[in-house]
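Take the working numbering: the final residue in the sequence shown is number 323, and no numbers are missing along the way.
Cβ atoms here follow ideal geometry from the backbone N, Cα and C, with glycine treated the same way.
The structure presented is a predicted model; accordingly, all values stated were derived computationally and were not measured.
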Amino acid sequence: MKFTKLHSLGNDFVILAPEENAGLPDIPGLARKVCDRHTGVGADGLIVISIADRAEGLVHFRIFNADGSEPEISGNGLRCAAAFLFARQYLDAPEVIFLTTAGRRECRLLEAHENHSEILIEMGIPRLSSREIPFDDGSSHEKIVDYPLCINRKIYPITLVSVGNPHCVLFFATFPARIEWHQIGREIENHPFFPNRINVEFVRVLNRGEIEVLFWERGVGETLSSGSGSTAAAVASMLKNLTDPRVTVRTSMGHLVVEWEKDRVYQSGPAEIVFEGVLF
Numbered sequence: 044m045k046f047t048k049l050h051s052l053g054n055d056f057v058i059l060a061p062e063e064n065a066g067l068p069d070i071p072g073l074a075r076k077v078c079d080r081h082t083g084v085g086a087d088g089l090i091v092i093s094i095a096d097r098a099e100g101l102v103h104f105r106i107f108n109a110d111g112s113e114p115e116i117s118g119n120g121l122r123c124a125a126a127f128l129f130a131r132q133y134l135d136a137p138e139v140i141f142l143t144t145a146g147r148r149e150c151r152l153l154e155a156h157e158n159h160s161e162i163l164i165e166m167g168i169p170r171l172s173s174r175e176i177p178f179d180d181g182s183s184h185e186k187i188v189d190y191p192l193c194i195n196r197k198i199y200p201i202t203l204v205s206v207g208n209p210h211c212v213l214f215f216a217t218f219p220a221r222i223e224w225h226q227i228g229r230e231i232e233n234h235p236f237f238p239n240r241i242n243v244e245f246v247r248v249l250n251r252g253e254i255e256v257l258f259w260e261r262g263v264g265e266t267l268s269s270g271s272g273s274t275a276a277a278v279a280s281m282l283k284n285l286t287d288p289r290v291t292v293r294t295s296m297g298h299l300v301v302e303w304e305k306d307r308v309y310q311s312g313p314a315e316i317v318f319e320g321v322l323f
């Protein structure tokens, strides 16, 4: 079974070639095996794509976390899948439209040089209500900004955003110690108010045009970056009027740009092919 490994700002994925995807019996089990960093290829997730219409650039997209769970979407995963499809010339169209469980997502190649690509993604319309997150504290909320969530007898003001998958965003003047924010992330991910669990972002606002973000990803743990997490962190910063509608998001491995234009959010950033191989 042929595969390609890619990453976007250190958030790494294994992608199976479209011709390898037919009739896979246990994709969650395969994801756990492939993503294991000791006995497998090693990755944050496994991406399975199939071409729906080569001429129109329509592609079915599914992603599985390292623990075998299937999230709704992944911004970095979409960018890596688009980079793979463009580099391997699977499509005739200049753009790719991914068909995901969160809806259609359009991607456009901005530039390419050898194994490195810059990709623009349309991340959709941010969803803010408790029903759409989903978030259940027994009440209905039209928007959740600075909600006082109790974790280990401490109150954390949280802001919730869905960009196809759910995100909980916390703001700090100074980041907590790594062991501390890992514990907070783990507790929030599995908090009973989040029936589908949730991704967690820790944000430090640098100025109205820049934020710095740490990522705790549902089903994975700490990741070096997250495309959907970066989008959610930027949207939360805008909702709180801490930043302008165009924001540079700085991660531990580099940066990407998020822009909220009218009702939709767009994100541009890198993707890189690392290597190819064969699974036995």
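- Assignment of Q132 by DSSP, reduced to helix, strand and coil, places it in the coil class.
- Within the same chain, Cβ atoms closer than 6 Å to the Cβ of L163 are found at R151, L153 and S311, the five residues on either side in sequence being excluded.
- Relative to L128, the option among G118, L101 and F107 whose CA is nearest is L101.
- Counting along the chain, A277 sits inside the alpha helix (DSSP H) bounded by residues G270 to L282.
- The alpha carbon of R148 has as its nearest neighbour, out of D135, G118 and P177, the alpha carbon of G118.
- The beta-carbon distance between P61 and I92, rounded to whole angstroms, is 6 Å. This is short enough to meet the 8 Å contact definition.
- Rounded to whole angstroms, K197 and Q226 show a C-alpha spacing of 13 Å.
- Of the residues P177, C211, A74 and R97, the one whose Cα lies closest to the Cα of G111 is A74.
- In the DSSP assignment, no residue is bridged to H225.
- With fewer than 16 other CB atoms across the displayed protein chains lying within 10 angstroms of its CB, C193 is exposed.
- In the displayed model, P114 falls within coil according to three-state DSSP, outside both helix and strand.
- At the C-beta level, E244 and H298 stay beyond 8 Å of one another.
- For Y309, the closest C-alpha among the options V300, R174 and L213 is that of V300.
- Assigned with DSSP and collapsed to three states, I231 falls in helix.
- The beta-carbon distance between N158 and I254, rounded to whole angstroms, is 28 Å. This is too long to meet the 8 Å contact definition.
- At a Cβ-Cβ threshold of 8 Å, V248 and V256 do not count as neighbours.
- Looking from the CA of S160, the closest CA among W259, P137, V84 and A126 belongs to A126.
- Within the same chain, and ignoring the five residues on either side of V290 in sequence, the residues whose Cβ sits closer than 8 Å to its Cβ are G252, E253, I254, A277, S280, M281, V300, V301 and E302.
- Between G53 and S205 a beta carbon distance of about 24 Å is seen, past the 8 Å cut, so the two are scored as non-contacting.
- In this structure, V188 lies near K283, with their beta-carbon atoms less than 8 Å apart.
- Per DSSP, I187 lies in no beta strand (DSSP E) segment and is marked neither H nor E.
- In this structure, the CA atom of D69 is about 33 Å from the CA atom of T294.
- DSSP places L285 outside any beta strand (DSSP E), giving it a letter other than H or E.
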